[in-house]
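The next block holds one structure in the form of structure tokens; read it before the comments.
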Amino acid sequence: MEYQFNAIEKKWQEEWKKTRAYQVSNISDKPKYYVLDMFPYPSGAGLHVGHPLGYIASDIFSRYKRLKGFNVLHPMGFDSFGLPAEQYAIETGQHPATTTRKNITTFKSQLDKIGFCYDWEREVQTSDPNYYKWTQWIFVQLYNSYFCNSCKEAKPIEALIKKYETKGSSKFTAEQWNGFSAAEKEEWLMLRRLAFSKYGEVNWCEALGTVLANDEVVNGVSERGGHPVVKKKMRQWYLRITAYADRLLQGLETVDFSESMKEMQRNWIGRSEGAEMDFAIKGSDKKLRVYTTRPDTIFGVDFMVVAPEHDIVNTIKSAEQSNAVDEYVAYVKSRSDVERQAEKKISGCFTGAYAINPFDGREIPVWISEYVLAGYGTGAIMAVPCGDERDFKFAKHFNIPVTNIIGSHFNGEEANATKEALLENSGFLNGILMKDAIGIAVSKMEELGIGKRKVNYKMRDAGFSRQRYWGEPFPIVWNGETPQVAKDSLPLELPHVEKYGPGAEGEGPLANITEWINTPEGKRETSTMPGYAGSSWYFLRYMDPNNGQEFCNRSISDYWNQVDLYIGGTEHAVGHLLYSRMWTKVLYDLGHIGFDEPFKKLLNQGMIQGSSRFVYRINGTSKFVSHSKLTNEHEYEGHLLDKIHADVNIVDGVELNIEAFKKWKVGEFADAEFILDEGKYICGVETEKMSKSKYNTVNPDDLCNKYGADTFRMYEMFLGPVEQSKPWDTKGIEGVHRFLKKLWRLFTDETKGWVVTNDAPTADEWKVLHKTIKKIEDDTERFSFNTAVSAFMVCVNELSDLKCRKKAILEPLAILLTPYAPHIAAELYHSLGNTSSVLDASFPTFDASKVAESSKEYPVSINGKLRTTLQLPVDIAQDEAEKLVMANEVVVKWMEGKPLKKFIFVKGRMINVVV
RNA sequence: GCCCUGGUGGUGGAACUGGUAGACACGCAGGACUUAAAAUCCUGUUCGCCGCAACGCGAGUACGGGUUCGAUUCCCGUCUGGGGCACCA
């Protein structure tokens, strides 16, 4: 009886669909477990073998937990708003909803083929009005909240209004507040709202007609398409994520993320402790405020640098320097971000003004330079050239004399940022170790009222507007410069548009629909929300996906609680993961959910790269030369070569299938001739990103058809650790397939069909089974799926050798296999006469007594040198072992009468004897 | 430049808290069954040496040191692959 995987897999997939075997209830006596995949953007290209890696891992773990008696939530959905669908719409005129729907259908059929245990009844799509209704609702919650700086949490904006009405603030009194106009009040409130609007410089991409987030801009060009990006002032929505900087940092201590992931988030948040300090300006009543992390170096300040955009520049510049300053500011403005990043040349201009060092009265020249950023700290620094590389280079370039405050630690050639030097030339700090002087200096500044401790963050508030069509509309209307929440009932649906091109002045396509934007209440907001809006809270909606009254019922979110295991790529380290952590904290603060970190454990799956194959055509001919015959990558016997991608699917290992190649692109290659090497055409190989255009994609559907989903699942795991990136290679899949066929033959005979007996297993057979139970359990618990697959292979090899066809062994084995290869497991389990589903069987219990042995031959080394073996009881006591060792002829001879000094026992085994 | 990670046979990779390095699989070589092929099974496969034989000898986890009875694992230095950040004061 042959292993007919196609029929078996179809049968069980239909069965499980019919019986709704993957439906998950919110009511259960079992403990809960929540396994989540980062949901995909449904692109038009469909899945390639790289996508399912994480999905297979999460599926295995979900099924494993289910066998272990947990009520497991394992949902799937689609992050279906986004730019590619919109660009496709612009090109083809098709509505993004149509193409998105089509793509989702393809994705779902591909996913189902692999046999995932998703509860599709909980599917969410971020572009579905029933979903984005609640994205909009959460936006309104953010808008109507502020971050209370004393209690460090979000509170309703009403509480702030009440405070302003009764107590005022540091900027105005209660009386003044009550006299403000509605628009004035709104301006003040806007400074505190968690979702707020302001004019800001944004990354404007002319070609895409939209504003991009910082993480969508790479090296000054758009991540998608590589178009140039420039700064533009526009009214934008933002999320006040900076308010949560500290809590986002502290929260990392409570979650199980990889160290590198935490590090990336910490770097992004970029917390630094230092001090802000005011310097008087000579002949002016203006003060220059700087931020420094090294107040200990205050006596080494030789000049000040202010960002060219800084407001103070115009008021302090001297008459003589005025023109030079204006010229320099103009020059800086002319430079794009790309230029600034590409050529970091030293430039700057003296303002003619001098600041006064409050401790020694020294006059310090004030410069402007583009290396000081307006957006960080106070936009001004005190430059200490002997301790800071950039300051040193600047001083050298403009011949500014350098004061040495660290003695021999400074060599005059380059700055030294040490904190270990004893200070010199430093007034009251002389002789003090720098790291101790930091605190002393700040205390002195605070005492004199000229400075105070200050924490700064690199992270900026997150831009939340996109000038696009295919995203969530804001439920906001404007009256002039004053916004308010629209009174429409949610969802505020995306209106239909005729064309998807941008509106005037950089506005989004929605601006073109005048009948939509103009309402009796005011003018609608025309931008839409960014991609991360919908993905910041989707894990909550899965819990209660059809709730029309709430985004997610509180008692249900209390039950499911945090995501126990979240699997996805590292590319979302500082985007999605930070945003969803912030949203979770806000919803927690406002009492909508009961936990403030969304993901308890994060597992990052590696990327599967493509392994590209190349053929080499002699330039201007249709002759192809085998890679093994080339002089080098570009040459063959003096002829230049064209290096052309060949489809990996028509190459066997590195050997090109010549007939298939000719048919592959008939127009181009039908008449191809080949210069072979020993009758074979050998292709070149390179590892690249998997992509259609490189013809290195492998479609999981093809592999499922050829080998079956179970083989495909196990092979993806067998490739190596899930966290590791690796190039795809289909070659080894045969080995896994052979394993499943071998397993099948344990249960069946060619002629007799099913052959499993009810005989009692032997000790050896029990041992094989229980060894495997232990190994599979341990490996699965620590996400070592590749070694678990190997353990199955060892088990089946051993049972084959033992010719074991006993139900008592094979039935537990089928259950063990269920998470990894559910279809064949179900078929085998069913064949043993079980009518209940293997999906709900219970995971076999490991019995240590079944693998125990009474005595064993142990290797023993003496002084790590001589090696011999001793037959010893397993759990032997140390003194007893000593006697037995001494009695051993070989040991005695080797020791030559020397006394035994030490016995090394490991896990109750004697490993080494020291003489 | 800074931070994080890795470096093990021809290949993918095992070895979990230091305890017989190379599990498992691919590939390769040889063999069995077969008219033949496919499928399946068996044997060998880190490198070098010795040999009638062996459960024989020596070296070996990027390189150089160290700790230890014992190091792929821990420590120090060097080289190197990958990822992230990059004028953040």
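Note that my numbering numbers the first sequence so that position 658 is 659, with each residue one more than the last.
Each residue gets a CB set at the ideal place from its N, CA and C atoms; glycine is no exception.
Source: prediction; values computed, not measured.
Simplified DSSP assignment, three categories, for residue i
i: L982; result: The question about residue 982 has no answer here: the residues shown for the chain are numbered 2 through 916.
i: L424; result: coil
i: N412; result: coil
i: D30; result: coil
i: P41; result: coil
i: K455; result: strand
i: R714; result: helix
i: P546; result: coil
i: P359; result: coil
i: C705; result: helix
i: I313; result: helix
i: N72; result: strand
i: Q563; result: coil
i: L112; result: helix
i: F117; result: coil
i: K394; result: helix
i: G301; result: helix
i: M530; result: coil
i: R467; result: strand
i: Y35; result: strand
Nearest-angstrom Cα separation, counted from residue j out to residue i
i: C387; j: K288; result: 25 angstroms
i: P823; j: R739; result: 17 angstroms
i: Y147; j: S466; result: 19 angstroms
i: E176; j: K31; result: 58 angstroms
i: D648; j: M235; result: 47 angstroms
i: S613; j: N700; result: 14 angstroms
i: V373; j: L143; result: 33 angstroms
i: C805; j: T836; result: 23 angstroms
i: Y580; j: I313; result: 35 angstroms
i: W755; j: R746; result: 9 angstroms
i: D437; j: T298; result: 12 angstroms
i: H917; j: S259; result: Only positions 2 to 916 of the chain appear in this structure, which leaves residue 917 out of reach.
i: W13; j: F6; result: 11 angstroms
i: R194; j: N179; result: 19 angstroms
i: S171; j: K727; result: 57 angstroms
i: G275; j: V403; result: 23 angstroms
Bridge-paired residues (DSSP) for residue i
i: M235; result: G201
i: K524; result: W479, N519
i: E264; result: In the DSSP output, where bridge partners are listed per residue, E264 has none listed.
i: V291; result: M278
i: P813; result: Looking at the DSSP assignment, P813 forms no beta bridge with any residue, so it has no partner.
i: I382; result: V306
Exposure of residue i, with buried meaning 16 or more beta-carbon neighbours within 10 Å
i: N431; result: exposed
i: D672; result: exposed
i: P157; result: exposed
i: S623; result: exposed
i: E828; result: buried
i: N633; result: exposed
i: A463; result: buried
i: R542; result: buried
i: N513; result: buried
i: R714; result: buried
i: G349; result: buried
i: S843; result: exposed
i: H398; result: exposed
i: T93; result: exposed
i: N72; result: buried
i: D711; result: buried
i: L449; result: exposed
Residue i: CB within 6 angstroms of a non-hydrogen atom of the ligand HEM
i: E881; result: The ligand HEM is not among the ligands present in this structure, which contains no ligands whatsoever.
Start-end ranges of the beta strand (DSSP E) lying completely within the stretch 588-670, minimum 3 residues
You should have 603-605, 609-619, 624-626, 640-647.
Length at least 4, wholly inside the stretch 822-852: the alpha helix (DSSP H) runs in chain order:
Complete alpha helix (DSSP H) runs here, min 4: 823-832, 849-852.
Could you name each continuous beta strand (DSSP E) segment of 3 residues or more that falls completely within the stretch 719-795, going from the start of the chain to the end?
Entirely contained in the stretch 719-795, not one beta strand (DSSP E) run reaches 3 residues.
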